[in-house]
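Chains A and B supply the protein sequences, listed in that same order.
Counted from 1, the first sequence has number 20 at position 12 by this note's numbering; the numbering is strictly sequential.
Counted from 1, the second sequence has number 12 at position 4 by this note's numbering; the numbering is strictly sequential.
There are 2 protein chains.
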Amino acid sequence: METLDTVPDEDFLRLDHQICFSLHAATRAFNGVYREALKELGLTYPQYLVMLVLWEHGELPVKGIGERLRLDSGTLSPLLKRLEAGGYVERRRSPEDERSVTVRPTSEGTALKEKARGVPRRIAAATGLDLADIRDLRERLDALAVRLDGVDPDELNVCR
Amino acid sequence: METLDTVPDEDFLRLDHQICFSLHAATRAFNGVYREALKELGLTYPQYLVMLVLWEHGELPVKGIGERLRLDSGTLSPLLKRLEAGGYVERRRSPEDERSVTVRPTSEGTALKEKARGVPRRIAAATGLDLADIRDLRERLDALAVRLDGVDPDELNVCR
DNA sequence: CGCGATTAAGTTGTGCACAACTGAATAGTG
DNA sequence: CACTATTCAGTTGTGCACAACTTAATCGCG
Chain A
9 METLDTVPDE
19 DFLRLDHQIC
29 FSLHAATRAF
39 NGVYREALKE
49 LGLTYPQYLV
59 MLVLWEHGEL
69 PVKGIGERLR
79 LDSGTLSPLL
89 KRLEAGGYVE
99 RRRSPEDERS
109 VTVRPTSEGT
119 ALKEKARGVP
129 RRIAAATGLD
139 LADIRDLRER
149 LDALAVRLDG
159 VDPDELNVCR
Chain B
9 METLDTVPDE
19 DFLRLDHQIC
29 FSLHAATRAF
39 NGVYREALKE
49 LGLTYPQYLV
59 MLVLWEHGEL
69 PVKGIGERLR
79 LDSGTLSPLL
89 KRLEAGGYVE
99 RRRSPEDERS
109 VTVRPTSEGT
119 ALKEKARGVP
129 RRIAAATGLD
139 LADIRDLRER
149 LDALAVRLDG
159 VDPDELNVCR
């Protein structure tokens, strides 16, 4: 039987070429489709993810957004500043904890939810997948992400 | 039966939250693992993809690399400049067509292939997937990318 | 209570992705 | 053959991801 251990390094380099490239390409293809669908909303794809989180939770500290989207303040701070400049969110130092900044959608940001309502259906249609396929792919990707996030860095270096 | 047409918009927004986020997160988790594995080679993940292509083909014009990796000159030009500064590749105006620039690995760049030999196996091990799973996931992602790249932009806008 | 450790957000710097554009070379058509 | 259209690489500008760091507030231990 053909397993991870019976394939020579040389073939592996080629196989790897396929898999890492495939993920890379699929992600960018997805980004392209979202970019197009979100153009009329004036949102980028990461900004849309932030708005989805805020529509669901109403208001969150920056840290809370970061936990849900797995993004740090170095990414979120400028992104939120742009969303604020666009009039979609408000940022306010929390009175209870002055270190924390609470982010919430403005009325304009909330109104945007209605305009965004049709987006996911059009995206799903564009993938050509049915609900079961989408769920299946999502579960695989989630499991993969959890697995990869938990990898011990030492496993990845030659010196161990 | 539950299909794309029988799910209300509201649920769809939540489902969408899951799927787009999953892909996003999996990609970044993958990038993190590659980042760690490639640290000792002095390559970033996109630089590694370029080197994989060059190791396989020996020498290619910028356009050829871009076609294989689905990247344009705006991304590749500075990336290749960094690879050249690192001593891994050489760039030369093609004598036959002065518009074209031929990229090829230097001896140092070729030597790097040996150091990179163990990387894909360690990555594959980190995913916790076996060969069949990897192939299956790759095929799904490829099909998805092809489908998404071929989407008519009009399908994605409300005004149609 | 006081002070060092931790936490939150922000800043800086590097690299990638992509749109829009430039300039130079080539291809193709009348 | 001349001249327009296309092609190729590169540049510019915007935005995201992340590492490393800064600053300010809070926590918690002695």
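All C-beta atoms, glycine included, are put in the ideal place defined by N, C-alpha and C.
The segment 62 to 87 of chain A: positions lying closer than 8 Å to chain B by Cβ
W63, E64, L77, R78
What does a CB cutoff of less than 6 Å around R168(B) pick up in its chain, not counting 5 residues either side in sequence?
For this step, residue 168(B) is matched to residue 160 along the second sequence. Residue confidence is low: R168(B) scores 42 on pLDDT, short of 50, so the model does not pin down where it sits. No coordinate-derived value is stated.
When burial is assigned at 16 or more other CB atoms within 10 Å of the CB, is P103(A) buried or exposed?
Translated into positions along the first sequence, residue 103(A) becomes position 95. Its Cβ having fewer than 16 others within 10 Å, P103(A) is exposed.
If A134(B) and L149(A) are in contact, beta carbons under 8 Å, what's the gap, nearest whole angstrom?
Here the question's residue 134(B) lines up with position 126 in the second sequence. Here the question's residue 149(A) lines up with position 141 in the first sequence. That belief does not hold up - the Cβ atoms of A134(B) and L149(A) are roughly 15 Å apart, past 8 Å.
Bounding residues of the beta strand (DSSP E) (the contiguous stretch that carries E98(A))
Here residue 98(A) refers to the residue found at position 90 when the first sequence is read from its first residue. Here the beta strand (DSSP E) through E98(A) covers 97 to 101.
For the alpha helix (DSSP H) holding V154(A), just list the boundary residues, first then last.
Against the first sequence, residue 154(A) aligns to sequence position 146. Start and end: 139 to 157.
Report yes or no: is there a C-beta of chain A within less than 7 Å of the C-beta of V159(B)?
In the second sequence, residue 159(B) corresponds to position 151, counting from 1. Chain A, which has a Cβ nearer than 7 Å to the Cβ of V159(B), makes this yes.
Would you identify the three-state DSSP class for R90(A), choosing helix, strand or coil?
As a first step, residue 90(A) is located in the first sequence; it is residue number 82 there, counting from the start. Helix at R90(A).
H25(A) versus R130(B) - alpha carbon distance
Residue mapping note: residue 25(A) aligns to position 17 of the first sequence, counting from 1. Residue mapping note: residue 130(B) aligns to position 122 of the second sequence, counting from 1. When rounded, the distance between both Cα atoms is 14 Å.
Check the DSSP bridge columns for T110(B) and list the partner residues they point to.
Your numbering for residue 110(B) matches position 102 in the second sequence. T110(B) is bridged to P69(B), R100(B).
With H, G and I counted as helix, E and B as strand and the rest as coil, what does DSSP make of T83(B)?
On the second sequence, residue 83(B) is found 75 positions in, with the first residue counted as 1. Helix at T83(B).
By Cβ distance, which residues of its chain are closer than 8 Å to L137(B), with the 5 residues on each side in sequence left out?
Position 129 of the second sequence holds residue 137(B). Counting only Cβ-Cβ distances below 8 Å, and skipping sequence neighbours, we find L145.
Boundaries (first-last residue) of the alpha helix (DSSP H) holding E163(B):
What you label residue 163(B) is simply residue 155 of the second sequence in a count that begins at 1. From DSSP, E163(B) is part of no alpha helix (DSSP H); its letter is neither H nor E.
Judging by CA-CA distance, which residue of D105(B), A140(B), E147(B), L79(B) is the nearest neighbour of Q55(B)?
Your numbering for residue 55(B) matches position 47 in the second sequence. Residue L79(B) is the option with its Cα nearest to Q55(B).
Could you give the DSSP three-state label for R168(A): helix, strand or coil?
Residue 168(A) sits at position 160 when you count from the first residue of the first sequence. A caution first: R168(A) carries a pLDDT of 42, below 50, which makes its placement in the model too unreliable to give a value.
Residue from R22(B), L60(B), L77(B) with nearest C-alpha to L23(A):
Translated into positions along the first sequence, residue 23(A) becomes position 15. The shortest Cα separation from L23(A) among R22(B), L60(B), L77(B) belongs to L60(B).
Starting from G117(A) and walking both ways along the alpha helix (DSSP H), at which residues does that stretch end?
Here residue 117(A) is taken as the residue at index 109 of the first sequence, counted from 1. Run containing G117(A): 115 to 124, per the alpha helix (DSSP H) assignment.
Please confirm if Q55(A) has its CB atom under 7 Å from at least one CB of chain B.
Taking the first sequence and counting its residues from 1, one reaches residue 55(A) at position 47. Chain B, which has no Cβ nearer than 7 Å to the Cβ of Q55(A), makes this no.
Tell me, please, whether the CB atom of R168(B) is closer than 7 Å to any CB atom in chain A?
Taking the first residue of the second sequence as position 1, residue 168(B) is located at position 160. Legend: pLDDT at R168(B) = 42, less than 50; position of this residue unreliable, no value from coordinates given.
Residue range of the alpha helix (DSSP H) that includes R130(B):
As a position in the second sequence, residue 130(B) is number 122, starting the count at 1. It spans 127 to 135 - the alpha helix (DSSP H) in which R130(B) sits, taken as one unbroken run.
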